[in-house]
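J.: Okay, handing you the structure first.
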Amino acid sequence: MARAFRVPTFTERFYRDPAHRASAELVPERAWSGELAWDWVPHPQWLATAVVHVRRERDAIDWVKARAQDQWETRNIRSLVTGGVEAGIRRLFGAGARLSVDYAWTDVSAETLPLLSKYVLDYARHGLAVSGSAPLAAGVGVGARLDVRQRTGRDAYALLDVRVSRAIGRVTVHADAANLLDARYQEIRGVNMPGRWLSAGIQWRLP
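Just add 3 to the spot in the sequence shown (first one is 1) and you have my numbering.
This is how it looks when you write it as structure tokens:
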């Protein structure tokens with residue numbers, strides 16, 4: 004069990020624009036949370052995990068409004084109960100290769116309010132991730148991760164990321180391709196996330 008609190012952000016207290024009006028009178032969110040985890044290792048190359056978690060919050064902060072034409076306002080309005088289950092399985096192969104599959108289910112229960120909510124009830128109810136990596140010849144390694152998510156009230160979308168790297172002594176160079184499927188999605192309603200993009204980098208390990 005753990006107890007936590009979150010103070011309002013600067014945006015939640017002071018942000019103003021034609022569609023939003025923050026409130027400086029907000030108080031911190033407070034919560035109790037707990038989880039139960041289980042690991043099973045049937046073989047040195049296999050690992051299965053399962054986690055059940057719950058979180059109870061009060062004075063949760065959200066942007067709300069009574070009518071569609073009103074401004075969004077920040078308020079401490081809700082008591083929330085968030086519960087979920089996470090499960091995964093991992094497999095190691097010879098020469099450092101690995102494969103894993105993880106699934107997460109989340110549910111948020113909130114008291115009924117006669118207000119439109121912007122963020123609190125917008126979350127990923129289902130999430131499935133498949134990832135793997137393998138070393139190749141000449142110090143080259145390749146890894147990939149596929150995430151499939153379904154947020155409340157929206158269609159599911161898939162994100163595919165790939166990394167190719169090469170170790171040269173204490174230096175590792177890598178190239179990344181993110182959102183390789185060029186999925187069009189929003190983590191937060193109204194905010195479009197980037198499409199397909201590429202990046203590269205260098206890591207230097209100190210002796």
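Cβ atoms here follow ideal geometry from the backbone N, Cα and C, with glycine treated the same way. All values reported here derive from a predicted model rather than from experimental measurement.
#1: With a Cβ-Cβ cutoff of 8 angstroms, do Leu50 and Arg93 count as a contact?
#2: Using a threshold of 8 angstroms, state whether the C-beta atoms of Thr77 and Leu29 are closer than that.
#3: Where do the ends of the alpha helix (DSSP H) carrying Arg16 lie?
#4: So, do the stretch 5-12 and the stretch 20-38 have three or more beta carbon pairs nearer to each other than 8 angstroms?
#5: Give me, in chain order, the residues of the same chain whose beta-carbon lies closer than 7 angstroms to that of Asp185; leave out the 5 immediate sequence neighbours on both sides.
#6: Could you give the uninterrupted runs of the alpha helix (DSSP H) lying entirely in the stretch 113-156, keeping only those of 4 residues or more?
#7: With H, G and I counted as helix, E and B as strand and the rest as coil, what does DSSP make of Gly97?
#8: Indicate the three-state DSSP secondary structure (helix, strand or coil) for Pro210 in the structure shown.
#9: Have a look at the DSSP bridge pairing and note the partners of Asp164.
#10: If you draw a straight line from the alpha carbon of Leu201 to that of Ala181, how long is it in whole angstroms?
#11: Go ahead and pull the three-state DSSP assignment for Val10.
#12: Can you tell which of Val176, Gly135, Gln74 has its C-alpha closest to the C-alpha of Arg208?
#13: How long is the line joining the alpha carbons of His46 and Val84, rounded to whole angstroms?
#14: What is the rounded straight-line gap between the Cα of Arg154 and the Cα of Asn195?
#15: Assign Ser36 to one of three DSSP states: helix, strand, or coil.
#16: Can you say whether Asp62 is buried or exposed, counting buried as having 16 or more other CB atoms within 10 angstroms of its CB?
#17: Would you kindly report the start and end of the unbroken beta strand (DSSP E) that includes Ala27?
T.: Walking through what the data contain:
#1: Yes, the Cβ-Cβ distance between Leu50 and Arg93 is below 8 angstroms.
#2: yes
#3: 13-17
#4: These segments touch.
#5: Gly198, Arg199
#6: none
#7: Here DSSP, grouped into helix, strand and coil, assigns Gly97 to helix.
#8: coil
#9: For Asp164, which the question treats as bridged, DSSP gives the partners Arg148.
#10: 6 angstroms
#11: Three-state result, Val10: coil.
#12: Val176
#13: 37 angstroms
#14: About 14 angstroms.
#15: strand
#16: buried
#17: Taken as a continuous stretch (DSSP letters only), Ala27 belongs to no beta strand (DSSP E), as it is neither H nor E.
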